[in-house]
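One structure below.
Protein chains: 4
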Amino acid sequence: MRARTNQAKDERRTAFLMAAMDEFFENGFAAARVDDIARRAGLSKGTLYLYFKSKKELFQGLIDMAAAPKRQQLEKIVSEAPTATAAIEGFLRFAPVIVRQSIVPRIIKVMIGDSRRFPEVAHTYNQQVIERTLGLIADILKRGHDNGEFTVEDPKLTASLVIAPIFMSLVWHILFEQDSSDGNDFVDLEALFSLHHKMLMKALGAGNTA
Amino acid sequence: MRARTNQAKDERRTAFLMAAMDEFFENGFAAARVDDIARRAGLSKGTLYLYFKSKKELFQGLIDMAAAPKRQQLEKIVSEAPTATAAIEGFLRFAPVIVRQSIVPRIIKVMIGDSRRFPEVAHTYNQQVIERTLGLIADILKRGHDNGEFTVEDPKLTASLVIAPIFMSLVWHILFEQDSSDGNDFVDLEALFSLHHKMLMKALGAGNTA
Amino acid sequence: MRARTNQAKDERRTAFLMAAMDEFFENGFAAARVDDIARRAGLSKGTLYLYFKSKKELFQGLIDMAAAPKRQQLEKIVSEAPTATAAIEGFLRFAPVIVRQSIVPRIIKVMIGDSRRFPEVAHTYNQQVIERTLGLIADILKRGHDNGEFTVEDPKLTASLVIAPIFMSLVWHILFEQDSSDGNDFVDLEALFSLHHKMLMKALGAGNTA
Amino acid sequence: MRARTNQAKDERRTAFLMAAMDEFFENGFAAARVDDIARRAGLSKGTLYLYFKSKKELFQGLIDMAAAPKRQQLEKIVSEAPTATAAIEGFLRFAPVIVRQSIVPRIIKVMIGDSRRFPEVAHTYNQQVIERTLGLIADILKRGHDNGEFTVEDPKLTASLVIAPIFMSLVWHILFEQDSSDGNDFVDLEALFSLHHKMLMKALGAGNTA
DNA sequence: TATGAATGAGCCTTCATTCAT
DNA sequence: GATGAATGAAGGCTCATTCAT
């Protein structure tokens with residue numbers, strides 16, 4: 465079947481990208497075979513080259529796709545929260561979902577594994593995703609500080625610490641997913657982030673004035 | 465010069481392993497070339513095969529070497545601390561060194577990048593290094609709790625949070641090392657862990673009884 | 465031109481097998497280069513691996529091909545002969561053709577040269593070709609004996625002796641082909657087998673009763 | 465231990481040659497490893513190169529050694545026979561020993577397997593061994609004919625037929641030695657050559673005048 | 001002399017990319 | 001547009017040969 469419409473073309477493109485993500489995740493860029501990616505996408509090797517000029521361009525397309533829509537969910541959660549405290553709570557309650565969903569850990573794994581081969585890609589992802597998320601959190605913290613909800617001296621650095629358990633969980637998820645594929649996680653993510661939230665609030669002196 | 469003594473042979477073996485670590489770090493297992501590893505070790509490709517049966521065995525030798533002596537420094541720091549509070553302070557002051565030194569981030573990067581290809585290796589490393597470190601921290605926390613230095617409800621989970629910024633820093637280090645190779649880090653590690661320590665102690669209610 | 469039909473594929477497969485026979489004949493399995501085989505077949509190295517999983521499989525394919533249709537000619541000659549005496553005469557008159565044609569000596573040479581490396585292959589060829597031919601001759605001899613054409617006490621053993629000069633000629637052909645490539649054989653095959661036939665008949669007491 | 469005397473040197477040389485014969489027999493020239501040959505000889509790889517300039521020279525040394533003393537036994541048997549008839553009987557009674565002994569089939573196998581790689585070697589062996597043996601038999605046949613023991617028209621050609629079953633047995637021995645390594649041969653050599661002798665004599669009309 | 005560590009040329013095999021159908 | 005046959009560069013590994021000890 466041939467893709468004549470633009471929509472059909474986009475679907476094929478996306479199918480290749482998703483397949484590429486899976487293969488790159490499993491094997492890394494070098495060991496992933498173009499043939500396997502195409503077959504996983506349900507199309508043929510030759511067709512892939514109609515959509516991407518090379519394996520490398522496929523990789524970059526993947527990162528671009530991954531970088532794009534990531535913050536929308538987060539921004540919605542945060543913007544809808546009435547207070548900074550509530551925003552942080554919402555953010556950390558959402559964290560286990562991010563870790564468990566398939567796309568973010570996959571992308572992170574690919575990024576880490578091939579970051580030295582494609583430094584620009586890592587750099588871009590950093591600016592598009594990590595810095596932005598960090599900025600988002602820092603803004604919340606600053607807001608909370610200014611509102612008197614809690615005390616934050618260095619919002620940027622503090623934001624890093626807010627995010628740290630997410631990184632750790634992502635790495636664990638990548639490393640040990642197969643160990644825990646039988647349902648129970650390598651760590652109880654809800655409990656982890658609940659504790660993290662509790663300790664964070666206490667560390668920030670939140671609720672003391674209440 | 466030819467290695468006829470056992471010691472000289474061990475030196476060559478180690479040279480290959482260090483070279484392998486660098487190449488695997490830069491390129492991942494699949495893309496690293498045996499020839500480059502040997503050349504980096506100052507020896508020839510053929511010679512490498514006198515010491516390792518295959519590229520894969522070289523990889524496993526690397527992980528084995530890396531897994532072995534990692535905790536010694538930590539354990540010394542911890543065991544020499546008079547109190548749990550001091551032990552944690554010592555541990556977190558030591559954290560930037562771990563992150564900045566070349567070996568741990570390199571190994572972690574290699575582990576992550578090729579964890580799906582060699583799941584047993586990842587599993588082993590986890591048990592040998594991560595679980596052990598986690599247990600070490602958990603023990604300290606329990607000790608501090610029992611001593612009344614601070615309050616810890618779930619030592620294992622709390623230990624994860626103590627460690628989390630180290631993971632995050634490691635990942636950042638891996639991803640952005642080149643961005644910051646001109647001296648200044650992508651983040652001020654001393655400040656980060658100092659803040660982490662301060663907030664952690666506050667979250668645990670340490671020093672309240674003083 | 466690309467092989468898209470099954471027939472075209474079979475042609476390529478056969479081209480590789482014939483080229484392999486020549487190269488294996490010239491150099492033996494170990495010394496034959498896959499690259500040379502492919503080039504001789506007029507295709508590229510990579511293409512060969514589309515048709516054969518490995519060099520060894522190519523070797524086995526060669527033997528399989530060689531083992532298959534070898535007796536047809538013989539069986540025709542023998543079955544069309546009115547008497548056992550005529551069958552033997554036909555067989556021995558046909559012998560020089562077998563020795564001189566390219567395929568049998570080549571296969572035999574490859575078989576001998578690599579028999580220790582692939583014992584199963586030698587074993588199969590033995591059963592498929594040698595035992596069968598021997599059985600064919602033994603049957604003729606028994607028939608002639610039963611008919612009273614001549615006297616044969618041990619048909620199987622006698623069949624071996626009927627065949628022996630063929631083996632000898634094959635080996636000589638293999639060893640000295642180049643010495644005689646300028647036309648004249650290292651031995652006059654027609655004369656040899658004519659004499660062999662004459663002596664054989666006499667030894668069997670054929671024609672005595674006439 | 466070092467070989468200072470000439471005798472000790474010769475012993476080492478011979479040890480290498482015998483080891484080479486075994487390895488070349490098992491694997492052919494290309495696949496035989498110098499290291500294995502040396503180890504089989506109980507010496508080291510480096511030492512081999514003190515005695516032979518290259519692997520190829522080792523091969524040639526082997527053929528030279530093999531070509532030299534082969535006819536002595538035969539010539540003795542033949543020269544001691546009172547009549548041509550007795551000489552042929554002695555020769556054919558000796559045949560199974562030649563086939564079964566380790567050296568001749570091994571050399572023949574090596575010769576055949578690598579004849580195309582070293583045509584001069586095959587040529588030399590032919591002249592040194594085969595032609596000579598053929599000449600020996602032809603002489604006997606001529607003698608018997610001149611004596612009136614039997615009738616031979618073409619001694620050279622007839623000699624080939626006398627020898628043919630030896631070639632066949634050698635090839636079978638090479639091909640199927642392992643099949644019959646449990647004692648019983650692939651063919652009863654004594655019976656074979658006994659029958660061969662009987663038929664040969666009858667074909668030559670021997671004893672008719674008695 | 002004897003050894004075996006070191007070398008690097010060479011070969012099998014894989015796979016990204018091209019292109020005839 | 002889609003396919004998969006064909007290509008050949010590249011890389012893991014072996015092994016004949018050299019040479020320091």
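Protein chains in written order, with my numbering: chain F, 465 to 674; chain V, 465 to 674; chain Z, 465 to 674; chain Y, 465 to 674. Even for Gly, the Cβ is constructed at its ideal location relative to N, Cα and C.
- Query: Taking DSSP as the reference, what is the three-state secondary structure of Gln524 of chain Y?
  - Reply: helix
- Query: Buried or exposed: Arg466 of chain V, going by 16 or more other Cβ atoms within 10 Å of its Cβ?
  - Reply: exposed
- Query: For Ala530 of chain F, which residues in chain V fall below 9 Å Cβ to Cβ?
  - Reply: Those within 9 Å of Ala530 of chain F in chain V number zero; the least Cβ separation is about 14 Å.
- Item | Same chain only: Cβ atoms within 6 Å of Lys686 of chain F, ignoring 5 sequence neighbours per side | Outside the displayed span of chain F (465 to 674) sits residue 686 of chain F, for which this structure offers no information.
- Query: Does the beta-carbon of Val561 of chain Z have 16 or more other beta-carbons within 10 angstroms, so that it is buried, or is it exposed?
  - Reply: exposed
- Task: Check whether the Cβ of Ile601 of chain Y sits closer than 8 Å to any heavy atom of the ligand FMN, and report yes or no.
- Result: Absent from the structure shown: the ligand FMN. Ligands present: none.
- Report the three-state DSSP secondary structure of Pro629 of chain Z (helix, strand or coil). helix
- Message: Suppose you measure from the CA of Phe614 of chain F to the CA of Arg557 of chain F; what does that come to, to the nearest Å?
- Response: 19 Å
- Message: Output needed for Ala674 of chain Z: all residues of its chain with C-beta closer than 6 Å, excluding positions within five of it in sequence on either side, in chain order.
- Response: Summary for Ala674 of chain Z: the model assigns pLDDT 40, below 50, so the residue's position carries little reliability, and this model does not support an answer.
- Contacting positions in the segment 589-621 of chain V - beta carbon closer than 7 Å to chain F: Asn590, Asp618 and Leu621
- Task: Report the three-state DSSP secondary structure of Phe489 of chain V (helix, strand or coil).
- Result: helix
- Message: When you compare the CB of Met482 of chain F with every CB in chain V, is at least one pair closer than 9 Å?
- Response: no
- Item | Best match in Y:Leu526, Y:Val651, Y:Asn470 and Y:His587 for proximity to Ile487 of chain Y [C-alpha to C-alpha] | The question names Ile, but residue 487 of chain Y is Glu in the sequence shown. Considering only alpha carbons, the answer is Y:Leu526.
- Message: Less than 7 Å between C-beta atoms, sequence neighbours within five positions excluded: which residues of the same chain meet that for Gly577 of chain Z?
- Response: Gly492
- Under 8 Å by Cβ, that's how I've got Ala548 of chain Y and Arg607 of chain Y pegged, so tell me the actual separation to the nearest angstrom. 5 Å
- Query: Can the beta-carbon of Ile638 of chain V be found less than 9 Å from the beta-carbon of Lys573 of chain V?
  - Reply: yes
- Query: Should Thr673 of chain Z be flagged as near chain Y, meaning a C-beta pair shorter than 9 Å?
  - Reply: Because the pLDDT at Thr673 of chain Z is just 45, under 50, the model does not fix this residue reliably, and the value given afterwards should be weighed accordingly. Not one chain Y Cβ lies under 9 Å of Thr673 of chain Z.
- Message: List, in chain order, every chain F residue whose beta-carbon is nearer than 8 Å to that of Glu487 of chain V.
- Response: Those do not exist, as Glu487 of chain V stays about 10 Å from chain F at its closest Cβ, beyond 8 Å.
- Nearest chain Z C-beta to Val498 of chain Y closer than 9 Å, yes or no? no
- How big is the Cα-Cα spacing for Met632 of chain Y and Leu653 of chain Y? 11 Å
- Item | Classification of Asn590 of chain Y by the beta-carbon crowding that lies within 10 angstroms, buried from 16 upward | buried
- Query: Looking only at its own chain, which residues have a Cβ that is under 8 Å from the Cβ of Ala479 of chain V, when we skip the five neighbours before and after it?
  - Reply: Ala505, Gly506 and Leu507
- Query: Whole-angstrom Cβ separation of Phe650 of chain V and Phe657 of chain V, contact assumed at under 8 Å?
  - Reply: So it is not a contact: roughly 14 Å between Cβ atoms.
- Message: Rounded to the nearest angstrom, what separates Arg580 of chain Y and Glu490 of chain Z at their Cα positions?
- Response: 6 Å
- Amino acids of chain V, ordered along the chain, whose beta-carbon sits closer than 7 Å to that of Glu490 of chain F: Arg580
- Item | Integer Cβ distance of Ala496 of chain V from Leu512 of chain V, believed to fall under 8 Å | With a Cβ gap of about 12 Å, Ala496 of chain V and Leu512 of chain V do not count as contacting.
- Relative to the C-alpha of Ile472 of chain V, which residue among V:Pro569, V:Tyr515 and V:Gly510 is closest? One point to set straight first is that residue 472 of chain V is Ala, not Ile, in the sequence displayed. Checking every option, the nearest Cα to that of Ala472 of chain V belongs to V:Tyr515.
- Val542 of chain Y: which of Y:Lys666, Y:Phe555 and Y:Gln524 sits nearest, CA to CA? Y:Phe555
- Message: If the criterion is Cβ atoms closer than 9 Å, does the pair Ala667 of chain Z and Lys662 of chain Y meet it?
- Response: yes
- Item | Where Phe523 of chain Z meets chain Y, residues with beta-carbon distance less than 9 Å | The premise fails here: Phe523 of chain Z is roughly 13 Å from chain Y at the closest Cβ pair, so nothing lies under 9 Å.
- Using a Cβ cut-off of 9 Å (strictly closer), state whether Phe555 of chain F contacts chain V. no
- So what's Arg564 of chain Z in DSSP terms, helix, strand or just coil? helix
- Query: Starting from Glu584 of chain V and walking both ways along the alpha helix (DSSP H), at which residues does that stretch end?
  - Reply: Pro583 to Tyr589
- Item | Contacts that Leu704 of chain Y makes with chain Z (C-beta to C-beta distance below 7 Å) | Any question about residue 704 of chain Y goes unanswered here, given that chain Y covers just 465 to 674.
- Query: What does Ser624 of chain Z touch in chain Y if you count any residue whose Cβ is under 8 Å from its own?
  - Reply: Pro629, Met632, Val651 and Leu656
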